[in-house]
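In the working numbering, each residue carries its 1-based index in the sequence shown increased by 34. Even glycine gets a Cβ: it sits at the ideal position worked out from N, Cα and C. Owing to the predicted nature of the structure, the values given are computational and were not obtained by experimental measurement. Worksheet: one structure, shown below.
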Amino acid sequence: MNPVIFYTRNQCHLCTDAKINLKLVQDDLKFEIIEKDIEESDELTERFGLMIPVVEYEGEIIQYGQIDYFTLSKRLHEKTR
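Spelled out as structure tokens, the structure:
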């Protein structure tokens, strides 16, 4: 399975919650998580600044903002079939 890109930023409580849910789904699907801090790039800050956290798989945004386990799991399962 290709890696999942997790766009985040420091001191973001939604990002902390999203990471927990992402790791729970990772236990089931066994994928690599590549975490990217958007504050390290002006381009990423402009692209995702109001959407954080963002979970992306194969160039497609799977979920952003309020990341919940069930939606994330369902979307990633659909993408990996």
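Of the other Cβ atoms in all chains shown, 16 or more fall within 10 Å of the Cβ of L56; this residue is therefore buried. R115 places its beta carbon 7 Å or farther from that of I96. In the assembly as shown, L84 is an exposed residue. Its beta-carbon has fewer than 16 other beta-carbons within 10 Å.
If you compare the alpha carbons of Y98, I101, C46, E92 with that of V38, the shortest gap goes to E92.
As the crow flies, the alpha-carbon of Q60 is around 8 Å from that of E66.
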